[in-house]
Each structure stands twice: as structure tokens, then as C-alpha cells.
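Colleague: Below is a structure I'd like to ask you about.
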Amino acid sequence: MKNFMQEAIKAAEKGKDTWPNPMVGAVVVKEEKIVGKAYHKRFGDEHAEAGALKKAGKKAKGADLFVTLEPCNHYGKQPPCTKAIIKAGIKRVFIAQGDPNKESGNGAKELRKHGITVKITREKEAKKLYDLYITNYSVKKKPLITIKIAMSIDGFISFGDGKKKKISGKQSSRFVQKLREQNDAIIVGSNTVLKDDPKLSVKKGKNPVRVVLDSKARIPLDSKVLSEKGNTIIFCTKKIPKNKIKNLLEKGAKVVTVKASKKGISLDDAFEKLYSFGIKNVLIEPGNKLASELLGKKMFDRLVFIIADREIKQGLKAFKVKKPIKVRVLKKKKLGKDLLLVMRNLR
């Protein structure tokens, strides 16, 4: 039994592009032989359980399923895995790690309701696999945070002349679109809205919630984040005049007051409120000020650098931190002439 779960864990570890979904592996066993094995390959793709059951085919009836994470019981990019397991006629399900995410959780309960024997084995290897996922959902109660920064090879995010120009290439732009699609919300600071007036939208699919950290409610009422279709949340402090809040509300924005900090807004308070709104994965596209604060406080889970193959030599630096940041490189690849680095915070 132990060996079959190890096979599922090994399979899960192959899923390097599943963020913000967790890596999951699944193995279908009939008469002590593996008849189906799969892993979740990338965000939005078929789940591990569905893939393993598909490979097992008719042999899945009366078989055992070994899966690294509790099967989901909700509709997202894919249908509930619990339905596929029940339909396939699986007799017993062994789960290495329960799911702390209440939205996708309760899979074990649903399976038991349909007469399937469920055992949660709590494997040490699986706990290591999901330490970040578990910490955010059951301990910190904050969204999983990805910071994306596009910069020149010498570390600048804007040109010295102050004019708005693209630093990275077309392949990087397409990658950023996919990155936005993977998250529930996109966050920027008020300075980014004032300087660049971004849409913060996606070309395909549902737009993530747009979030602006604007302690003094400075963004213009004709900003694209207030004009484009979709939901917008403005975080500000309690000191904002009522007429400013009224104007933002009339533009269709949701205005949320949070605690103030020395640098403007309490990021901890803002992230906790986003989590309470059901926002579980956020992408932050920060300017220099916000990036410096987030990185200085090590307030991120994943860091994405897009480094253009060009020097700017003067302008605005991407960020400034006093102490080194410990990260593990998860991915390194070329996007045209640009270099993509995806890193995990080791805190």
C-alpha cells in the first residue's frame, strides 16, 4: 500500500506548471497492479484523478485509488473529481493529505456519502509537497501571492525620459496574459495607475478582480481600471473624505477601508480582507515602491522576473531591499529574447 502512494507522490512531483493549483498525483490499483497513473500537468488541465481513471478504463470498477491530495468537490476549470471517482465505481480511496481549502475540500465526505471507503494516510512526503498550500489556507488565511516584475537586464522598470515604453517582448506579454488568467485578482499600487493607467484585463476568459492599493484615493475617475468591464476593489484608509468614496462608488468600484501603515496601507490587512472575499490567488504587478515593501517584508509566495535582453542605464530601479531574499528557482526559460525566472520564497 505504501509503495502505491509513493508512486502517486512521484507522479505529483512532475507537475511543475500547476500554480496556483497544487501538484497532484493519482494511481489506480486493481489486484495489486497499477492500471492507471496520472498527474496534474498544468493549471486548467485535466486533474490527476480524472487522468488516472481514464487510463484505467473499465478496470477502475472495484479498484483502489491512491491520490496525494483530497479530491476536489466543486466546479472550477475542471469538473469535480469526486463525480468521476463515484461514476468509475472505485471501491476505496487512499488520500495522502486532506485539503484545507474549504471551497474545493469536503471531497472525502462526498465519497463516503456514496459508500466509498476513504482513508487519509497523512504521508510526510505529501505534507512537504503541500507545505505552502496548507500554510496559506489553514494557518495564514491569506491568498497565495505572486509578484511579477518585468525589467531590463540592468534592473530598471522604466526609462529615464519618463515616457511609457514596453521593456519586454511579445512572448512575455502573452505569458503575462496567461499568468493573469491563473489568478483571482490583479493588484497594483496607485502610482502605477497614475503613471501607466493600465486596464488590468485579460484577452480571453473571465477578467480577474482588479485591486488598487490607494491609501489617499488619488486615482482619477477616468482611469481604465474604473472604466473597463469587470470588478474593481479600491483599498484606502479611513481618513478619506466621504465625497471621494462616493465618486468611486458611483463609478462601480467597491471601496474597502483598511488599517493605515507608515507607508500608506496595511498590506496584511488588505490581504486578509481579500481572503475573506474568497480571493485565494493574487498577482501583484508592482511599481518600485510597492515592490520594495513586499520584497523587503518577504510578503510573497512566488516571484516572477521577466528580464529583457537590453540595458536602460538610467530610470527607475525595479526595487530596493536591504537584506538578501532567499528563493528557490522553480523555472528558467527563454521567452523570445527575454529571460523568465520563476522563484519560490524560502523565507
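Final position of the sequence shown in the UniProt record's numbering is 347; the numbers increase by one with none missing. Even glycine gets a Cβ: it sits at the ideal position worked out from N, Cα and C. Note that the structure is a prediction, hence the values are computed from the model and not measured.
Taking the Cβ atom as the reference point for each residue, do K332 and D184 lie within a distance shorter than 7 Å?
Modeller: The answer is no: Cβ separation not under 7 Å.
Colleague: With burial defined as no fewer than 16 other Cβ atoms inside 10 Å of the residue's Cβ, what is the status of P220: buried or exposed?
Modeller: With fewer than 16 Cβ atoms within 10 Å of its Cβ, P220 is classed as exposed.
Colleague: With DSSP run on the structure shown, which of helix, strand or coil describes D17?
Modeller: Strand at D17.
Colleague: Between the stretch 224 to 242 and the stretch 264 to 276, do at least 3 Cβ pairs fall closer than 8 Å?
Modeller: In short, these stretches touch, since the Cβ pair count reaches three.
Colleague: With distance defined between alpha-carbon atoms, name the residue in K170, K10, S261 and V282 nearest to R302.
Modeller: Out of K170, K10, S261 and V282, V282 has the C-alpha closest to the C-alpha of R302.
Colleague: Terminal residues of the continuous alpha helix (DSSP H) containing L129?
Modeller: Looking at the DSSP string, the run of the alpha helix (DSSP H) that includes L129 is K124 to L129.
Colleague: From the DSSP output, in three-state form, read off L346 for me.
Modeller: Note: L346 maps to coil in three-state DSSP.
Colleague: Do the CB positions of N207 and S201 come within less than 7 Å of each other?
Modeller: Yes.
Colleague: To the nearest angstrom, report how far apart V255 and G62 are at their CA atoms.
Modeller: Approximately 53 Å between the Cα atoms of the pair.
Colleague: If you follow the beta strand (DSSP E) that S158 is in, where does it begin and where does it stop?
Modeller: From DSSP, the beta strand (DSSP E) with S158 extends over F156 to F159.
Colleague: What residue from N345, R310, V211 and L53 has the CA that sits closest to A88's CA?
Modeller: The shortest C-alpha separation from A88 is found at L53.
Colleague: What do you reckon, are the CB atoms on L335 and S172 nearer than 7 Å?
Modeller: For L335 and S172, yes; Cβs fall inside 7 Å.
Colleague: Leaving out five residues on either side along the sequence, give the residues of the same chain with a beta carbon under 7 Å from the beta carbon of N288.
Modeller: So the qualifying residues of the chain are I157, L316, K317, A318 and F319.
Colleague: For the structure I just gave you, are there three or more beta carbon pairs, one from the stretch 23 to 34 and one from the stretch 185 to 199, closer than 8 Å?
Modeller: Flag = no, the stretch 23 to 34 and the stretch 185 to 199 do not touch.
Colleague: Is there a Cβ of chain D sitting closer than 7 Å to that of N3, yes or no?
Modeller: Reference to chain D is not applicable here, since this structure consists of a single protein chain.
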